[in-house]
Structures are given as structure tokens and as C-alpha cells.
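Below: one structure, written as C-alpha cells.
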DNA sequence: TCACATACTGTGTAGTATACACTATAATGT
DNA sequence: ACATTATAGTGTATACTACACAGTATGTGA
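Protein chains in written order, with our numbering: chain B, 1 to 115; chain H, 1 to 115.
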């Protein structure tokens, strides 16, 4: 069905951008990528590991996250955590998100003054 | 400030994808592009005309919209309206949007069972 | 009548991001 | 031994938005 293809493309686009918001929201505590995938999945947000890794690196290069390797555990893991800048941006982004959500909801309200 | 550049980039990405939803939501009645820009702007959603036009064409090529030129008025205008398929997809997308919004909201809830 | 703003649609290009397939390795369970 | 899971990484194709630019017609003020 072609309809489904179009729809899933649009859904893909919808998710886009929100992923950063999701990731940032969870990184108050140092967390490694693989774990983050699971945390988000539990909360209904599915993101592929190989989509997440480049994202984490990008956010780090933008100064929103900082990372450190921990080798004392069984497997070497790279822990990421929000920087102060990351925190500020996360908050600003969330605020923007909330207002976007309100605006979009309003689009479905019936306009009483129509015409 | 570099922070603002990063932030506006992320906001850009956040908007992305939602634009289709916004546009579809308003096309129950035949409307032309320029007018649609104004309608959305009134409702707090700003989109450049030259961003909208390619989008309308794309949605038409995907079968979600259909268009017709109206030349009887002062200026020739191209009116777009949702097709039935467009309507179905719009509804499905909105449903998906709502559940995404709920999931994301939940990310900010404090987890009582933490640890 | 000239200039300019505004209404209206269109196109081309660059930047950037996600998805997905693939590589790689070590531990753990069977 | 072998399969699976845990863990991180890279490269490429695809697709979209933003933005600058093009182009026409109408109305308006000087």
C-alpha cells in the first residue's frame, strides 16, 4: 500500500528533531549510549543504536554533552552527560516545544468566527 | 553567542515535519498558498512562502492534495485542497503526533521508582 | 506616468540530519 | 564451539527545509 509508505515517511519526519529533545531530557545523570536506547524504549521512544551514536557525538561536538570512557566495568562504556550549556538549551528547547504543541493543537479547534 | 546558533538549529529541526501536519490540517477548504501562509501566521505558525510552495507541490505529487488554477479572480491563484487519502493520512498523522506528545511529556515526569 | 510596494507563484542550491546497512569486539549463555 | 547480547563506531543514500533569486500583475502615492 502506497498510503503506508507516505505515512511512515511523514512519521519519520515528525520524529526528527524531537529525538534531540528526548535524548537531552534523559542525560541529567551520566549514561552510556546502549543504556539510553533501553531507557527511551521503555518510555515508548524507539531509536536505533546506530542512529543514536552519531547523535551523541554531534551533541558533544556542539558542547551540549560531555563524555568519558569508563573502563573499570566489564565492557568499556562511554558515558555522556549534559553540560551546563546543554541544560540551558534543553530547557529552552522544551519551552519552545511546549508552545509549538499548543499552537498545533489550536489548529484543530473549530473556529467559531469562521467566515 | 554560539549558544543561540545551536538552539535555533535545533528549533529548526523541531519544526521540521510538523509543518506538513499544520498544512494538512488547514486544507479542508480549497486555499491558495499565499493565503495559507497568512492563515498559519495568524495562528502562530510562521512559514515562508517559498518554503511552502515546494511543500504543496510535494504533497500533491504524493496524492495528499489536489490543486486547481482559478483565473476568474484578479490574480491567477492555485487552490489546494486535501484529497480523501490526504484526509486519512492527516488523521493518522495527528493521532501519531498526539501519542508522541504524550510520550515526550512523560520524559519530564520524575520517576518515583528511580534506582 | 513613474516608482514602488504588495500579492502571488515558481525554481535551484546548499546545508544538515536521520535511517540503515555494515564493521568490529568482548562477554555470556547453551 | 556457537549464538546471542552488549557496546561502540562509520559511511552512504535519501530527503527535507531554508533561503536567495526569478518573475508577473495590480494598485497606489508622488
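Glycine included, C-beta positions come from ideal geometry on N, C-alpha and C.
Presumed contact (8 Å Cβ cut-off) between residue 80 of chain H and residue 18 of chain H, rounded CB distance: Within the second chain, numbered from 1, the residue matching residue 80 of chain H stands at position 80. Within the second chain, numbered from 1, the residue matching residue 18 of chain H stands at position 18. Not a contact, Cβ separation roughly 18 Å.
Residues, ordered as in the chain, of the segment 20 to 35 of chain H that lie near chain B by beta-carbon distance below 7 Å: 20, 21, 22, 25 and 26
Which of helix, strand or coil DSSP assigns to residue 23 of chain B: As a position in the first chain, residue 23 of chain B is number 23, starting the count at 1. The answer is helix: DSSP assigns residue 23 of chain B an H, G or I state.
Distance between beta carbons of residue 25 of chain B and residue 108 of chain H, contact taken as under 8 Å: Position 108 of the second chain, counting from 1, holds the residue named residue 108 of chain H. Position 25 of the first chain, counting from 1, holds the residue named residue 25 of chain B. The Cβ separation is near 6 Å, so the contact holds.
The beta strand (DSSP E) enclosing residue 66 of chain H, as first and last residue numbers: As a working mapping, residue 66 of chain H is identified with position 66 in the second chain. Residue 66 of chain H -> beta strand (DSSP E) spans 65 to 70.
Nearest to residue 63 of chain B (by Cα), restricted to the options B:55, B:69 and B:70: Stepping through the first chain from its first residue, residue 63 of chain B is reached at position 63. Of the listed residues, the one whose Cα sits closest to residue 63 of chain B is B:55.
Three-state secondary structure assigned by DSSP to residue 83 of chain B: On the first chain, position 83 is the one that residue 83 of chain B refers to. In this structure, residue 83 of chain B counts as coil in the three-state DSSP scheme.
Simplified DSSP assignment, three categories, for residue 106 of chain B: Position 106 of the first chain holds residue 106 of chain B. Three-state DSSP puts residue 106 of chain B in a helix.
Residues bridged to residue 31 of chain H [DSSP beta-bridge criterion]: The residue given as residue 31 of chain H occupies position 31 in the second chain. Per the DSSP secondary-structure output, residue 31 of chain H pairs in a beta bridge with H:80.
Sequence ranges, alpha helix (DSSP H) only - wholly within the segment 33 to 59 of chain B, length at least 4: 33 to 42
Stretch-stretch touch, CB-based, cutoff 8 Å, three pairs: the segment 87 to 94 of chain H with the segment 39 to 53 of chain H: Using a Cβ-Cβ distance cut-off of 8 Å, the segment 87 to 94 of chain H and the segment 39 to 53 of chain H are not in contact, since fewer than three pairs of beta carbons, one from each stretch, lie closer than that value.
Residue 9 of chain B versus residue 93 of chain H: straight-line alpha-carbon distance, rounded: Position 9 of the first chain, counted from the start, is the residue given in the question as residue 9 of chain B. Position 93 of the second chain, counted from the start, is the residue given in the question as residue 93 of chain H. In a straight line, the C-alpha of residue 9 of chain B is about 10 Å away from that of residue 93 of chain H.
Distance, residue 73 of chain H Cα to residue 53 of chain H Cα: The residue you call residue 53 of chain H lines up with position 53 of the second chain. The residue you call residue 73 of chain H lines up with position 73 of the second chain. Distance between the alpha carbons of residue 53 of chain H and residue 73 of chain H is about 20 Å.
Residue 12 of chain H burial status per 10 Å Cβ neighbour count (16 or more: buried): Residue 12 of chain H sits at position 12 when you count from the first residue of the second chain. Answer is exposed; the Cβ neighbour count stays below 16.
Counted within 10 angstroms of its Cβ, other Cβ atoms place residue 75 of chain B as buried (16 or more) or exposed: Counting from one through the first chain, the residue named residue 75 of chain B turns up at place 75. The residue in question, residue 75 of chain B, is exposed, as its Cβ has fewer than 16 Cβ neighbours within 10 Å.
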